[in-house]
Ligand code: MG
């Protein structure tokens, strides 16, 4: 089936027919391409369902309309598919990578990951990208013949967006590109930038919805201001949510169009003819210099005004305490862990990794419940 679905792709697109394939050989599907199959396995995984209750910026219970990791991942996939289709790249692959890219995230967003990494400093650390790969390679247990989801090489490569050199050296073929300083497929590069487009724009939307940032403050962000002015010219007197939505959708469109045009020109200029050429070229999926500057200004704005807002800091501090205390109580008392997460090996680093897997897999509300169960004296 893969040949039929992948026939119309550009010569430098990733194809299942020329892929190194899966770690554990499987017969081809009668109805789907191999990358469609990866996407479907990801959607049916336990880790994917957990994304619904994991924080993006706002903790899940703070409001029903804020993005969660699940809705964020769906938005990333939507943007990435548009980009891929316009560039004649493998839409099924970008969708699979996008839906899986955050599977390894801890509860409470980056605060949770930083806390867990600090707890794990004597046991080889914790990186959420590496954890996403670990989820699809090892932790999901659904199939009789293998651990994990047994995904295609290119899907796994796209999930492992960043990786420290010492970890890359332990990973074999999938870590090689970090050592050889080569690029991943264009599909992986697209999923990476689609992630950025999605969170920059939805964090503005969620930030305004929460009241932590205001439309007045956003006047200093050129990308926002330009599109807000355009919306007011087109719809005089427009206000409230409608004005914000009309502005944000224009910003997303501007970023998408710029990325398509710039990447297409880069691909042409580099003269790449195959995925192998893509790997040896510099990164080809990119914004124009002007748009890059504007996107960076937007990021800076969000960092100063939203991610470091004192109300967000309060949640971050609480998240750090929950993760750190959970790790502490489990590592000093592994008998408190569910049996699956206890190890008889007696090796503390093996036990620490199991504790990290347990904590990383928790949703925000599960982590809070577990914290109360273990630390609140009036809770059983
Ligand atoms: Mg993301």
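In the working numbering, the protein residues as written are 332 to 711.
C-beta atoms are modelled at their ideal positions from N, C-alpha and C, and glycine is treated no differently.
Rounded to whole angstroms, what's the CA-CA distance from residue i to residue j? Just pull it up for me.
| i | j | result |
| --- | --- | --- |
| residue 488 | residue 499 | 12 Å |
| residue 654 | residue 476 | 34 Å |
| residue 381 | residue 432 | 13 Å |
| residue 420 | residue 596 | 15 Å |
| residue 623 | residue 588 | 13 Å |
| residue 518 | residue 334 | 18 Å |
| residue 643 | residue 591 | 34 Å |
| residue 406 | residue 524 | 12 Å |
| residue 630 | residue 384 | 25 Å |
| residue 353 | residue 342 | 22 Å |
| residue 364 | residue 422 | 11 Å |
| residue 636 | residue 538 | 9 Å |
| residue 521 | residue 493 | 14 Å |
| residue 471 | residue 435 | 11 Å |
| residue 666 | residue 701 | 15 Å |
| residue 614 | residue 646 | 36 Å |
| residue 480 | residue 473 | 8 Å |
| residue 360 | residue 400 | 30 Å |
| residue 562 | residue 574 | 7 Å |
| residue 440 | residue 388 | 7 Å |
| residue 535 | residue 547 | 13 Å |
| residue 351 | residue 483 | 8 Å |
| residue 669 | residue 676 | 16 Å |
| residue 455 | residue 678 | 14 Å |
| residue 599 | residue 468 | 35 Å |
| residue 672 | residue 662 | 11 Å |
| residue 604 | residue 376 | 35 Å |
Could you please give the first and the last residue of the uninterrupted alpha helix (DSSP H) stretch that includes residue i?
| i | result |
| --- | --- |
| residue 587 | 571-601 |
| residue 441 | 440-450 |
| residue 649 | 641-663 |
| residue 499 | 496-501 |
| residue 509 | 507-511 |
| residue 608 | 606-611 |
| residue 460 | 459-465 |
| residue 674 | No alpha helix (DSSP H) contains residue 674, which DSSP labels as neither H nor E. |
| residue 337 | 333-337 |
| residue 424 | 422-431 |
| residue 486 | 484-490 |
| residue 378 | 377-381 |
Quick one: what does DSSP say residue i is sitting in, helix, strand or coil?
| i | result |
| --- | --- |
| residue 693 | coil |
| residue 564 | helix |
| residue 634 | helix |
| residue 386 | strand |
| residue 540 | helix |
| residue 348 | helix |
| residue 400 | helix |
| residue 704 | helix |
| residue 761 | Outside the modelled stretch of the chain, which goes from 332 to 711, sits residue 761, for which no answer is possible. |
| residue 473 | coil |
For residue i, which residues in the same chain have their Cβ closer than 6 Å to its Cβ, ignoring the five residues on either side in sequence?
| i | result |
| --- | --- |
| residue 558 | 578, 581, 582 |
| residue 698 | 438, 653 |
| residue 586 | 528 |
| residue 442 | 647, 650, 651 |
| residue 533 | 398 |
Spatial neighbours of residue i within its chain, please: CB distance less than 8 Å, with the 5 preceding and 5 following residues excluded, ordered by chain position.
| i | result |
| --- | --- |
| residue 491 | 460, 461, 463, 464, 502, 505, 506 |
| residue 543 | 636, 637, 640, 642, 643 |
| residue 346 | 333, 337, 340, 421, 606 |
| residue 545 | 539 |
Quick one: what's got a C-beta closer than 7 Å to residue i's C-beta in the same chain, skipping five residues either side?
| i | result |
| --- | --- |
| residue 427 | 366, 369, 370, 373, 486 |
| residue 451 | 457, 683, 687 |
| residue 466 | 378, 434, 435 |
Say yes only if the C-beta of residue i is nearer than 7 Å to one or more non-hydrogen atoms of ligand 2, and no if none qualify.
| i | result |
| --- | --- |
| residue 407 | Annotation note on ligand 2: not contained in the displayed structure, which lists ligand 1 as its ligands. |
Specify whether the region 502-522 and the region 597-616 touch according to this definition: at least 3 beta carbon pairs, one from each stretch, less than 8 Å apart. yes
If we count Cβ pairs, one from each stretch, closer than 8 Å, do we get three or more for the region 683-693 versus the region 453-469? yes
Evaluate contact between the region 445-461 and the region 655-662, counting only Cβ atoms and requiring at least three cross-stretch pairs below 8 Å. yes
Assess contact between the region 527-539 and the region 624-636, defined as three or more Cβ pairs (one per stretch) separated by less than 8 Å. Is contact present? yes
Tell me whether the region 410-419 and the region 550-569 touch, counting them as touching only if at least three CB pairs, one residue from each stretch, are closer than 8 Å. no
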